[in-house]
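Peer 1: Heads up: take any position in the sequence shown, counting from 1, add 6, and you land on my numbering.
Sharing a structure with you now.
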Amino acid sequence: MLTCKLSDHHLVGIRLDTVPGENRPCENAKRNSLNNALVREKLGSVNWSELLSIECPLLLYDKLCLVFSGIYEECKIIVTQTNKRTTQPWVSKHLNQLMEQRDELFRTWKSAPNNMNNRLTYTKFRNKVNKLINAARNKFRQNEIVKCEGDFRKIWANINKWLGRNKTNLDNVIMKYLGKSDSLHNISDKFSNTFTQEINNIKHNCNKKFLDRDCYVKSSDVSFRYKKVCARQVARIIDNLQCEKAPGSDKIRVQDLKYVKFDISKILAKFINLCISNSIYPNELKRALIRPIYKQGSHMDYTNYRPIAILSVVNKIMEKVVVGQVSSFLEQHGIISDSQHGFRRGRSTATALARFTDSVNTSLNSGQQVLAVFIDFKKAFDTLDHCQLLQAMEECGISGPTNQWFRNYLTDRTLRTAVGGAVGSEVRVDLGVPTGSVYGPVGYIMHVNSVPNVVKKCNVFMYADDMCLLLSGRDLDTIQNNMQTDFDMITKWAHDNGIILNINKTKCMHIYSPYNKKAKASKSVNIIGHTYECLHADYQNCQCKKLETVNQFKYLGLLIDSNFNWKPHINEICNRLRSVLGKFYHLSKILNRRTLYIVYHALADTMFSYGLSCYGLTFKTYLDKIKQLQIRLIKYLADKKTKDSCDGDYDKLFASCRILPVHCKVKYLIAIETYYSDDHKTLVNHRYVTRSANNRKFIQPKANNYYGQRTRRYLTPKICNNIPLLRSTDKFCKTTLKLKLKNIFLNSET
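Here it is as structure tokens:
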């Protein structure tokens with residue numbers, strides 16, 4: 007198994023010994039390892055200036071790999087892995103000596119159990135040592151939580167480890183189910199073949215085009231020009247890389263690059279510039295090491311695993327340089343469609359959900375019905391045709407040498423699968439973008455950039471490969487007809503661009519107010535999902551099934567219901583918070599309150615804060631369920647003195663813990679999201695001086711129902727009018743704004 011989280015003396019590598027006839031390591035398994043102290047010493051003595059004189063990028067990369075491989079070979083050691091209990095990481099040398107002294111006093115007492123002096127001496131010393139152990143353990147665990155930097159996956163991993171709930175090793179799971187009847191090498195080969203053949207089986211090969219590309223594609227009138235990268239920019243990228251990431255096929259590790267950052271950044275900058283100018287990409291960097299991750303279903307079925315690619319760190323640095331410039335170019339010239347929210351600066355799932363919910367609430371406020379189709383594509387990133395992808399990039403302005411470099415980057419790629427230390431044979435990959443690459447998402451959004459242009463009636467909301475069509479109106483039949491027309495155009499576009507629609511997972515939802523009698527009495531929605539075969543037959547003898555109409559659907563992490571009241575989503579949030587609450591009961595016994603405060607913000611707060619500015623605009627009684635769980639959680643964060651001083655006043659308890667109640671946090675998030683935008687902010691303008699005009703108040707529009715009161719058009723001026731800070735002509739940076747708003751909401755009932 008490959009990894010690169012290292013101590014000064016050990017590197018987990020490929021296991022050398024296993025039990026004969028079995029696929030599990032023996033108790034004293036041997037593994038390749040590196041002496042990291044010696045590696046750093048060797049790297050420090052390398053004359054890097056010799057590499058700067060090389061002008062051929064391929065030769066430069068080969069020489070660079072030889073330097074690192076030579077050092078790794080010289081520093082290789084073999085370590086025997088034993089099953090002995092390891093010392094806890096928070097136990098220092100001094101603490102270990104105290105523990106041995108404690109154990110010795112215990113043995114002295116047990117040798118004469120009736121000696122009360124020995125017992126008293128042991129008890130006093132034991133209590134002293136236990137306090138020191140608890141203090142050291144709490145400090146270590148607090149530092150581990152801080153290191154996670156809000157990454158809830160890492161935090162959950164630490165919590166489960168501390169509670170004794172260790173995650174099963176991936177290789178052990180695979181060997182348990184697949185290793186009984188096959189060797190590791192054959193298992194690796196079967197995974198590689200499955201991952202490639204599965205794509206080839208669903209990919210359609212048809213040159214017929216149903217749409218005229220010139221009618222829906224608008225080519226950019228500006229062209230991208232690569233700017234040579236400097237060593238300082240490369241050094242900055244190296245600084246931001248994570249040492250925990252495993253090395254790629256060239257075995258170069260992140261922490262080694264960081265150690266020689268100032269020397270290696272000059273070499274990598276020259277290497278990247280030479281590659282772009284010559285449209286060259288080394289074949290070694292095209293080799294991906296695949297780790298299969300179990301998804302769901304039977305463990306015996308190879309298709310129930312998904313591939314995770316481990317790419318070279320040099321590849322990641324080069325991609326970050328090139329793709330970073332491409333992304334800036336696309337944003338600067340407004341090339342990417344405004345409907346796309348994925349992998350763009352200033353855009354996220356939050357902006358996509360805000361626009362989606364605002365559009366639905368606006369329609370429901372007008373007494374209209376809404377029809378939504380949530381489109382799913384089969385392995386969207388893996389089935390992209392390289393020629394069509396490069397053509398889409400050229401239409402977005404990525405042409406010339408850069409386009410040729412990307413062509414070289416995409417062609418002749420291979421993958422190998424690693425399972426339990428065994429690495430399978432190489433398999434050629436002819437479709438898709440590399441999994442886990444920096445380029446993949448940006449390349450994809452350029453490929454689908456033309457989608458909104460083929461739709462005539464619907465609003466399109468996209469976040470990478472998540473796509474939603476939204477259409478509103480008063481007559482359901484008219485809405486259905488227009489939706490069917492636009493959905494058929496999407497189907498034709500997907501056919502022409504080599505993307506496969508997944509009709510089984512594409513869902514339809516009819517959203518309406520529960521007080522709309524006409525909508526409640528309407529018939530079921532009937533949107534047909536035509537197959538590509540049906541398109542070729544010009545809809546003759548169509549046997550295609552209609553899309554499934556659902557009452558609930560999870561879109562970008564929020565559970566949407568047909569009445570748009572958010573009750574199912576809030577119930578789901580509450581269930582997840584109860585799970586966190588159960589963890590807090592156990593964590594309160596092993597963590598101090600300061601660490602618990604960090605865990606609360608990383609797990610509980612982020613859990614209900616995601617999308618809160620959208621789903622939080624519901625009935626107060628629904629949000630009260632979340633607030634009750636909030637109260638139970640923050641009781642673990644406050645000491646007894648604080649809780650007694652609050653005396654049941656939970657608003658005071660929230661203020662003392664510096665935590666916003668969920669009702670206030672909804673307004674807090676909306677205020678931050680709308681602060682830097684002038685949308686929906688029209689100042690009161692009277693012919694004569696009024697109190698509202700002097701106070702810079704904004705016009706408050708009327709709403710027809712509670713859906714209208716949930717729109718940004720209604721809420722933005724309402725919140726701003728209630729908070730003088732938001733009406734001030736002075737602008738604050740985001741950090742200062744958050745701090746000031748938090749103080750306002752904690753100290754007043756706004």
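Backbone N, C-alpha and C define an ideal beta-carbon position, used for all residues, glycine too.
The structure presented is a predicted model; accordingly, all values stated were derived computationally and were not measured.
#1: Would you say the segment 294-311 touches the segment 169-186, given that touching needs at least three Cβ pairs under 8 angstroms?
#2: Considering only DSSP beta bridges, list what residue 423 is partnered with.
#3: Counting only the same chain and skipping the five closest in sequence on each side, list residues whose C-beta sits under 7 angstroms from that of residue 4.
#4: Please report the distance separating the alpha-carbon of residue 53 from that of residue 424.
#5: Can you tell me the Cα-Cα spacing of residue 220 and residue 624, whole angstroms?
#6: Which of the three DSSP states, helix, strand or coil, is assigned to residue 6?
#7: Using a Cβ-Cβ cutoff of less than 6 angstroms, which residues in the same chain neighbour residue 400 once the five nearest sequence positions on both sides are dropped?
#8: Hey, out of 272, 238, 588, 463, whose CA is closest to residue 55's CA?
#9: So what's residue 554 in DSSP terms, helix, strand or just coil?
#10: Considering only residues of the same chain and omitting the five flanking positions on each side of residue 451, which have a CB-CB separation below 7 angstroms?
#11: Using DSSP with H/G/I as helix, E/B as strand and the rest coil, what is residue 369?
#12: Roughly how many angstroms lie between the CA atoms of residue 646 and residue 620, to the nearest whole one?
#13: Within 9 angstroms of any Cβ in chain B, is that where the Cβ of residue 589 sits?
#14: Please report how far the alpha carbon of residue 405 lies from the alpha carbon of residue 448, in whole angstroms.
#15: Between residue 158 and the rest of its own chain, which residues show a CB-CB distance below 7 angstroms, the 5 nearest in sequence each way excluded?
#16: Check residue 187 in the structure and name its three-state DSSP category.
#17: For residue 504, does the count of other Cβ atoms within 10 angstroms reach 16, so buried, or fall short, so exposed?
#18: If you draw a straight line from the C-alpha of residue 480 to the C-alpha of residue 518, how long is it?
#19: In chain order, which alpha helix (DSSP H) runs of at least 4 residues are fully inside the segment 32-83?
#20: For residue 721, which three-state DSSP category applies?
#21: Check this for me: beta carbons of residue 476 and residue 372, under 9 angstroms apart or not?
#22: What three-state label does DSSP hand residue 434 in the structure shown?
#23: Is residue 161 buried or exposed, if buried means 16 or more other CB atoms sit within 10 Å of its CB?
#24: Tell me the rounded alpha-carbon separation between residue 586 and residue 187.
#25: Quick one: complete alpha helix (DSSP H) runs, 4+ long, within the segment 497-552?
#26: Does the segment 434-449 touch the segment 323-337, meaning 3 or more C-beta pairs lie closer than 8 angstroms?
#27: In whole angstroms, give me the CA-to-CA distance for residue 652 and residue 467.
#28: Short of 6 angstroms in beta carbon distance, which residues of its chain neighbour residue 629, apart from the five on each side in sequence? Order them along the chain.
#29: Between the alpha carbons of residue 537 and residue 473, how many angstroms are there, rounded?
#30: Looking at the unbroken alpha helix (DSSP H) that takes in residue 146, where does it start and where does it end?
#31: Using the DSSP secondary-structure output, state which residues sit across from residue 560 in a beta bridge.
#32: Can you check whether the CB of residue 411 is closer than 9 angstroms to the CB of residue 282?
#33: What residues match up with residue 689 in a beta bridge as DSSP calls it?
#34: Along the chain, where does the beta strand (DSSP E) containing residue 469 start, and where does it finish?
#35: For residue 28, does the count of other Cβ atoms within 10 angstroms reach 16, so buried, or fall short, so exposed?
#36: Can you name, in chain order, every residue of its own chain whose Cβ lies under 7 angstroms from the Cβ of residue 739, other than the five neighbours on each side?
Peer 2: Inspection of the coordinates gives the following:
#1: yes
#2: 296
#3: Absent from the structure is residue 4, since the part of the chain shown begins at 7 and ends at 756.
#4: 34 angstroms
#5: 45 angstroms
#6: The structure shown does not extend to residue 6, since the chain is modelled only from 7 through 756, so no value can be given for it.
#7: Answer for residue 400: 409, listed in chain order.
#8: Looking at the Cα atoms, 272 is the closest of the given residues.
#9: strand
#10: Listed in chain order, the non-local C-beta contacts of residue 451 below 7 angstroms within the same chain comprise 342, 346, 348, 349, 470, local neighbours out to five positions each way being set aside.
#11: helix
#12: 36 angstroms
#13: Any reference to chain B falls outside this structure, which holds one protein chain only.
#14: 15 angstroms
#15: 608, 609, 612
#16: Residue 187: coil per DSSP, three-state reduction.
#17: buried
#18: 10 angstroms
#19: 42-50, 55-58, 63-80
#20: helix
#21: Their beta carbons are not under 9 angstroms apart, which means residue 476 does not touch residue 372 by this criterion.
#22: strand
#23: The residue in question, residue 161, is buried, as its Cβ has 16 or more Cβ neighbours within 10 Å.
#24: 40 angstroms
#25: 523-526, 538-542
#26: yes
#27: 46 angstroms
#28: 668, 669
#29: Taking the CA atoms as reference points, residue 537 sits about 18 angstroms from residue 473.
#30: 122-153
#31: 565
#32: yes
#33: 704
#34: Per DSSP, the continuous beta strand (DSSP E) segment holding residue 469 begins and ends at 465-469.
#35: Residue placement at residue 28 is flagged as unreliable, the pLDDT there being 39, under the threshold of 50; a coordinate-derived value is accordingly withheld.
#36: none
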